[in-house]
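Numbering (this note's numbering), first residue to last: -9 to 530. Here a beta-carbon is modelled for each residue, glycine too, at the ideal position from N, C-alpha and C. Owing to the predicted nature of the structure, the values given are computational and were not obtained by experimental measurement. Okay, so here's the structure we're looking at.
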Amino acid sequence: MSEQEKQEKDSLAVMALQVSSMQKEIDKRSFYLSVLYSIGEDIASVLDLEVLLKITVDMFTEIMRTKKVAIFLSLESGGLRIGQSKGFDKDILNYLEFHSSSGLLKFLSVINQPLSRGDISKRGYKLSESEEKVLGLLGTIILSPIVFKGQMIGLLSLGQRDDNESYEDDDLEFLNTLSSQIGVVVSNASLYQKLEVSNRELDKKVFDLMTIHQMSRAISSILDLDKLKELIMDVFLDISHVEKGVLFLLDNEIEKITPVVKQGFRDDELKNVSFLSDNILAEKFIREKEILIFSEGVKPEYWQEYKFSPAMANELVNSGLVLYIPLIVIDTLVGIIALGGKANNEEFHLSEIQLLSTLSVQVAVAVENARLYELAIRDGLTKVFIHRYFQQQLSYEIKRSHRYRREVSMAIIDIDDFKTSNDNYGHQQGDLILKEMALLLKANLRDTDILSRYGGDEFTVIMPETDILRAKWAAERLRGVVEDHHFAVGKEDLKITISLGLATYPDFASSKEELIRKADQALYKSKRDGKNRTTICTDF
């Protein structure tokens, strides 16, 4: 072979190698272009950030032929935390974080292109000890900033390739292009996620406002304190999703905060729990106006700091109550709503606490309004309704009786020889007899019956939807209960009786005035015939 032929052959071999290399380069670039196009279609429509990150990590694992891929996302604090990864033990993931003070993040945001770990030092940046630790745990070979609108919003870390090949310049160029594309979709997904969170928060706030509005209307419309107390407890248990709760209210007569409604407790539980209205705990609530929260078990010593007795402290500890919501009106603690813990020891969310706190303001005002209303319509001594309320309710019941064509009966009750008891034992003992009598009568009437103090030693009972025969049966029952009762007067047990007069509308009276007059006449006959008896208006 001539020298010329040899040179031509060598030249052809070199050209073949160059063509082969160029073909590989073209194939690689074509592959990367097709990947970019495919990725654009695959991830552009994905708005779930978690799904997007998983797709991205899987994609880099396959394309770059590496088992270790990690994507970091920016935090509001300015640092970066792992968003999605592959090829790492879960135990180390908590350590994979870059703080906002990290010089590496600032360096990469300025360089704004993929770098090998070796190139970082060649570019003049010295890794800190913590940065070395993170990159060591990651097994980082390549770092690529994820940038959107000039801001680094994330960071991609790639580990050693499966075939131990090095990353070439065209790989880094591809990473740079792909990181920019990922920056757009990650930013969109993050914004979408924030929008979803904002919408959920807005929906929750709207729901909370509607709840407050509806509950406030329901609560403020009730002036019957007993009904209001039950409703308050039901509302707070329903909103907080717990099964145990206690409503404590201020008893102005004894100046103590006492439990008035309990749900989820036996009758004998919390019997020792009450404290003075000027107790240290009350002062704390008034001063701080904040809910008391126990995320963990509280020891008796905590309650004893508020001068609670050991028995009371132990009852509170064993009660399972973890949330104490003060009811305050003009710097006065009018009550406390205490709630038990949630199932599975779940903690109360801040939004729930804020809702309960807001609602408690409405509840406190409603309780105070109901109390003022009670003072206006109830007798101060016996706590039964006053004469004016009796007159109003009797007018209402007669109208209702006329509309629905049903009877309404009434009784006038007089305590026999009450003046003698007053003369013999004094007016203070007489007042105690009146109070005990009112409690005894009320305990033996229906919830729908209306007991009032008519004046002096007389009471009235309105019995809706009750004819004369059933009214007489109810009256005789009252008379028998009183006759069998022992009234404690000083050191003596006093036997007291009552006389009753009955009338019924419309059977035996055509108006309110006639109904009262006939009941009064029947009572007069009971007194005249020997007392301790019941007379109906048809008996004379």
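Spatial neighbours of residue i in its chain, beta-carbon cut-off 6 Å, leaving aside the 5 residues before and after
i      : result
Ile539 : Nothing in the structure corresponds to residue 539, since the chain is present only between -9 and 530.
Lys57  : Gly77
Ala542 : Lying outside -9 to 530, the shown extent of the chain, residue 542 is not represented and no answer is given.
Glu206 : Note that residue 206 corresponds to Ser in the displayed sequence, not to Glu. Here the set comprises Gln352.
Gly330 : Val232, Lys234, Gly310 and Leu311
Phe97  : Tyr115
Phe530 : Lys515
Phe238 : Ile247, Pro249, Gly325 and Ile326
Cβ of residue i within 8 Å of any chain C Cβ
i      : result
Ser411 : You won't find chain C in this structure, because it holds only one protein chain.
Environment of residue i [buried if 16+ CB atoms lie within 10 Å]
i      : result
Leu429 : exposed
Arg190 : exposed
Ser536 : Residue 536 cannot be examined here, being either before or after the span of the chain that is shown, -9 to 530.
Pro316 : buried
Gln204 : exposed
Pro300 : exposed
Glu336 : exposed
Val187 : exposed
Ser91  : exposed
Lys289 : exposed
Trp293 : buried
Ser442 : buried
Lys279 : exposed
Gly173 : buried
Leu65  : exposed
Leu185 : exposed
Thr46  : buried
Tyr394 : exposed
Ile244 : exposed
Leu165 : buried
Residue i beta carbon near the ligand GDP (any heavy atom closer than 7 Å)
i      : result
Pro316 : For the ligand GDP, the structure offers nothing, since it holds no ligand at all.
C-beta contact flag for residue i and residue j at 8 Å
i      : j      : result
Val176 : Ile132 : no
Gly73  : Phe88  : no
Ala493 : Met400 : yes
Val438 : Val398 : For clarity, residue 438 is Thr in the given sequence; the question names Val instead. No; because the gap between Cβ atoms is not below 8 Å, this pair is not in contact.
Leu70  : Leu105 : no
Ser210 : Ala356 : yes
Asn421 : Leu371 : A small correction: the amino acid at residue 421 is Asp; Asn does not occupy that position in the sequence shown. Yes, the pair counts as a contact, with Cβ atoms nearer than the cut-off.
Ile343 : Ile281 : yes
Ile486 : Tyr444 : no
Phe338 : Ile388 : no
Gly93  : Ser75  : no
Phe226 : Ile101 : no
Leu505 : Tyr495 : yes
Asn269 : Met302 : no
Glu364 : Leu513 : no
Cutoff 7 Å; reference residue i; Cβ partners in own chain excluding five residues on either side
i      : result
Leu271 : Phe265 and Tyr296
Ile82  : Leu127
Arg368 : Val374, Phe375 and Ile376
Ser531 : Residue 531 cannot be examined here, being either before or after the span of the chain that is shown, -9 to 530.
Gly254 : Glu233, Lys234, Gly235 and Gly330
Leu260 : Val236, Pro249, Lys252, Glu305 and Ser309
Asn434 : Arg467, Leu468 and Val471
Gln418 : none
Glu482 : none
Cβ neighbours of residue i in the same chain (closer than 8 Å, five flanking residues each side left out)
i      : result
Gly149 : Thr56, Lys57, Lys58, Val59, Gly77, Leu128, Gly129, Thr130 and Ile131
Arg107 : Leu125, Thr130, Ile131, Ile132 and Leu133
Leu218 : Ile209, Ile212, Ala356, Val357 and Ala360
Ile202 : Leu345, Thr348, Leu349 and Gln352
Lys536 : Within the shown structure, residues of the chain are numbered from -9 to 530, placing residue 536 beyond reach of any answer.
Thr51  : Lys57, Val59, Lys76 and Gly77
Lys462 : Leu492, Thr524 and Ile526
Which whole runs of the beta strand (DSSP E) in the stretch 95 to 141 are 3 residues long or more, in chain order? 132 to 138
Does the stretch 405 to 413 come within contact of the stretch 346 to 355, defined as at least 3 CB pairs closer than 8 Å? no
3-residue-minimum beta strand (DSSP E) runs that sit fully inside the stretch 414 to 460, ordered along the chain: 440 to 445 and 448 to 454
Would you call the stretch 151 to 162 and the stretch 191 to 199 in contact, with 3 or more CB pairs under 8 Å? With contact defined as three or more Cβ pairs closer than 8 Å, the stretch 151 to 162 and the stretch 191 to 199 are not in contact.
Can you check the stretch 331 to 383 for any beta strand (DSSP E) of at least 3 residues that lies completely inside it and give the ranges in chain order? none
Check whether the stretch 117 to 124 touches the stretch 172 to 188, counting contact only when three or more Cβ pairs, one atom from each stretch, lie closer than 8 Å. no
Measuring CB atoms only, is the stretch 498 to 512 touching the stretch 462 to 478, in the sense that at least three cross pairs come out at less than 8 Å? Touching, no.
In chain order, what are the residue ranges of uninterrupted beta strand (DSSP E) at least 3 long that sit wholly in the stretch 51 to 79? 59 to 64 and 70 to 76
Could you tell me which whole alpha helix (DSSP H) segments of length 4 or greater appear in the stretch 182 to 262? Entirely contained in the stretch 182 to 262, the alpha helix (DSSP H) runs reaching 4 residues are, in chain order, 215 to 230.
Count the CB pairs spanning the stretch 319 to 331 and the stretch 367 to 376 that are closer than 8 Å, and state whether there are at least three. Two segments are said to touch when three or more pairs of C-beta atoms, one from each, lie closer than 8 Å; by this definition the stretch 319 to 331 does not touch the stretch 367 to 376.
The stretch 162 to 176 / the stretch 137 to 146 touching (three or more Cβ pairs under 8 Å): yes
Within the stretch 277 to 338, ranges of the alpha helix (DSSP H) (whole runs, at least 4 residues): 290 to 294 and 300 to 309
Which residue spans inside the stretch 452 to 507 form an unbroken beta strand (DSSP E) run of at least 3? Taken in chain order, the complete beta strand (DSSP E) segments of 3 residues or longer contained in the stretch 452 to 507 are 477 to 479, 482 to 484 and 488 to 495.
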